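Protein chains in written order, with our numbering: chain A, 1 to 75; chain B, 1 to 249.
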């Protein structure tokens, strides 16, 4: 069973997040505003190597880039 | 400050109860399947420490750090660290900088959302190293006064596949990786929400104590102020009277 999104390098969590976002956006306005706050994510992260902290990056951008890099590797 | 913290605490507690049922449902699967972590040599364990960015809440972050160090001292070199939150990062980067692989910041401003947990879980599952298991360290909420550093386990694919009763669920092997990722996100969400509730309750207590201590200080300064005022008045009276008697004479 091959999934199209798996081939595009998207993880299951990302797949869920996208689906959830679509549902939230299709809600009525009053409910939508409330629901969209639950979907916000504004984290930063840094990779560490040899005891040194790397550059602080936005998690959302990095996740997207990493998944693009993984595209095509797994079926 | 205490009232602000109290309102936040109620919200955090509500979020915690909701996420707890979420996490425990996800755990039921593994309990029923009797999943056990696989003991494998020369594979490291990933330890995720869930603290937050903000201070002013007593020893809650140090408690986590201490728990982490205790665990790492038992089997040195066996753990890699993922640190969520600036506070524990600052503490752990002093003692174990070599073991940290990832650190996250920006958590703890508000009640953690599932998107937070998902994004973190994604970044963790994209790590190049293969870990035998993932342990999540968080503050367990016992009651409004006490909490303790606890570990929840997120299993690796092999561990899930090797569990004795897993066949009963009839999960295809292809989707096993999805289940693992999703379970990791669930466990993280639970840990984050519970950690957040602990932090808020600890902050409420800290603010309460701060107000009490300030009360003592206010009474002390009030007395000091009154004494000084009286002294100044007496001095001025003496001056006036001396001046008056000098001009008369």
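We put the CB at the ideal spot given by N, CA and C, even for glycine.
Predicted model only: the values in this text are computed from it and were never measured.
Please report the straight-line C-alpha distance between residue i and residue j, rounded to a whole angstrom.
i	j	result
residue 36 of chain B	residue 72 of chain B	21 angstroms
residue 10 of chain B	residue 56 of chain B	18 angstroms
residue 11 of chain A	residue 181 of chain B	8 angstroms
residue 223 of chain B	residue 4 of chain B	30 angstroms
residue 203 of chain B	residue 41 of chain A	24 angstroms
residue 119 of chain B	residue 59 of chain A	7 angstroms
residue 193 of chain B	residue 230 of chain B	55 angstroms
residue 54 of chain A	residue 46 of chain A	5 angstroms
residue 124 of chain B	residue 211 of chain B	41 angstroms
residue 76 of chain A	residue 200 of chain B	Outside the shown range of chain A, which is 1 to 75, sits residue 76 of chain A, and nothing can be said about it.
residue 38 of chain B	residue 56 of chain A	34 angstroms
residue 58 of chain B	residue 206 of chain B	6 angstroms
residue 69 of chain B	residue 131 of chain B	19 angstroms
residue 75 of chain A	residue 9 of chain A	Since pLDDT at residue 75 of chain A reaches only 41, below the 50 mark, its modelled position is unreliable, and the value read off the structure follows with that caveat. So the alpha carbons of these two residues sit roughly 9 angstroms apart.
residue 17 of chain B	residue 190 of chain B	9 angstroms
residue 30 of chain A	residue 15 of chain B	21 angstroms
residue 74 of chain B	residue 21 of chain B	32 angstroms
residue 45 of chain B	residue 88 of chain B	19 angstroms
residue 247 of chain B	residue 214 of chain B	49 angstroms
residue 255 of chain B	residue 25 of chain B	One cannot answer for residue 255 of chain B here, as it falls past the ends of chain B, which runs 1 to 249.
residue 198 of chain B	residue 154 of chain B	21 angstroms
residue 97 of chain B	residue 103 of chain B	11 angstroms
residue 186 of chain B	residue 26 of chain A	25 angstroms
residue 51 of chain A	residue 85 of chain B	17 angstroms
residue 151 of chain B	residue 106 of chain B	22 angstroms
residue 195 of chain B	residue 161 of chain B	30 angstroms
residue 242 of chain B	residue 220 of chain B	33 angstroms
residue 146 of chain B	residue 78 of chain B	30 angstroms
residue 68 of chain A	residue 7 of chain A	10 angstroms
residue 169 of chain B	residue 177 of chain B	15 angstroms
residue 53 of chain B	residue 33 of chain B	37 angstroms
residue 70 of chain A	residue 209 of chain B	51 angstroms
residue 142 of chain B	residue 43 of chain B	33 angstroms
residue 44 of chain A	residue 38 of chain A	18 angstroms
In the DSSP output, what is residue i paired with across the bridge?
i	result
residue 53 of chain A	A:48
residue 134 of chain B	B:46 and B:154
residue 54 of chain B	DSSP output for residue 54 of chain B lists no bridge partner at all.
residue 141 of chain B	B:147
residue 58 of chain A	A:44
Could you check where the beta strand (DSSP E) with residue i kicks off and where it finishes?
i	result
residue 105 of chain B	100–105
residue 81 of chain B	79–84
I need the boundaries of the alpha helix (DSSP H) containing residue i, first residue and last residue.
i	result
residue 235 of chain B	176–248
residue 22 of chain A	12–25
residue 64 of chain B	60–74
residue 119 of chain B	114–125
residue 6 of chain A	4–7
residue 167 of chain B	Note, residue 167 of chain B: premise wrong, no alpha helix (DSSP H); not H, not E.
residue 87 of chain A	Nothing about residue 87 of chain A can be reported from this structure: the residues present for chain A run from 1 to 75 only.
Practice problem: Quick one: which unbroken beta strand (DSSP E) runs of 3-plus residues sit fully inside the region 4–38 of chain B? Chain order, please. | Solution: none
Practice problem: Report yes or no: do three or more beta-carbon pairs, one from the region 109–118 of chain B and one from the region 12–25 of chain A, lie closer than 8 angstroms? | Solution: yes
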